[in-house]
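Structure first, then comments.
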Amino acid sequence: MDKHDGSEAGQIRLDDPWQDAPAVGRPDTDATADRPVPVPGPGGPPERSAASVYREVQQSAAFQEVRSRYRRFVVPAVIGFLLWYVAYVVAATTVPELMARPVVGVVNIAMFAGLGQFLTTFLLTWAYARHARLRRDRAALELRWDTQELTRGITK
Numbered sequence: 001m002d003k004h005d006g007s008e009a010g011q012i013r014l015d016d017p018w019q020d021a022p023a024v025g026r027p028d029t030d031a032t033a034d035r036p037v038p039v040p041g042p043g044g045p046p047e048r049s050a051a052s053v054y055r056e057v058q059q060s061a062a063f064q065e066v067r068s069r070y071r072r073f074v075v076p077a078v079i080g081f082l083l084w085y086v087a088y089v090v091a092a093t094t095v096p097e098l099m100a101r102p103v104v105g106v107v108n109i110a111m112f113a114g115l116g117q118f119l120t121t122f123l124l125t126w127a128y129a130r131h132a133r134l135r136r137d138r139a140a141l142e143l144r145w146d147t148q149e150l151t152r153g154i155t156k
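Residue numbers for the sequence shown follow our numbering, so the first one is 1 and each next one is one higher.
This is the structure:
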């Protein structure tokens with residue numbers, strides 16, 4: 001990202017945009033700037049492909065834990081919501097007299113159930129975002145950082 005320093009109009013400073021906001025749990029890059037980057041010599045480690053790095057990460061325990069946390073939330077939530085939706089549709093088609101029963105004024109059970117479908121959608125969205133933030137985002141970010149470090153310098 002180009003930034004003008006302001007001291008001299010013709011001088012342009014190139015900064016890494018990710019330096020402005022370091023990731024949670026990661027040390028500041030200035031602390032590691034003095035550390036030399038290891039360069040493998042002729043007898044160094046063999047070349048790795050990006051595919052092998054991603055396969056290694058996918059088979060890691062940390063990745064499996066993130067996937068497991070995702071599945072433990074999503075599978076019951078989807079099953080619950082689909083059962084609730086199918087129950088609404090089945091009730092509306094098989095017992096219309098029950099669904100037409102007024103609850104408050106002209107508002108009947110079908111209208112409440114339909115509004116409940118919308119409410120459930122919003123609640124599931126909120127619960128999913130909260131679950132991701134509290135249970136998966138940090139671990140997924142760590143995996144992302146590790147994967148980027150492992151693939152650094154690999155050309156396609």
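Even for Gly, the Cβ is constructed at its ideal location relative to N, Cα and C.
Assignment of valine 53 by DSSP, reduced to helix, strand and coil, places it in the helix class.
Residue environment for valine 66: buried (at least 16 other C-beta atoms within 10 angstroms of its C-beta).
Looking from the CA of alanine 110, the closest CA among Leu123, Glu56, Tyr85 and Leu134 belongs to Tyr85.
A direct Cα-to-Cα measurement between isoleucine 79 and phenylalanine 73 gives close to 10 Å. Residue pairing of valine 104 in beta bridges, as defined by DSSP: Val107. Going by C-alpha positions, serine 49 is about 53 Å away from valine 90.
Under the three-state reduction of DSSP output, glycine 80 falls in the helix class. For leucine 134, no alpha helix (DSSP H) segment is defined, and its DSSP state is neither H nor E. Rounded to the nearest whole angstrom, the CA to CA distance from alanine 132 to alanine 140 is 10 Å.
Between leucine 115 and valine 57, the C-beta spacing is not below 8 Å.
Annotated as proximal: alanine 77 and leucine 124, with beta-carbon spacing under 8 Å. A direct Cα-Cα distance of roughly 33 Å separates leucine 150 from alanine 127.
DSSP places glycine 116 in the helix class (H, G or I) of the three-state scheme. Cβ neighbours of tyrosine 70 within its own chain (closer than 7 Å, five residues either side excluded): Arg136.
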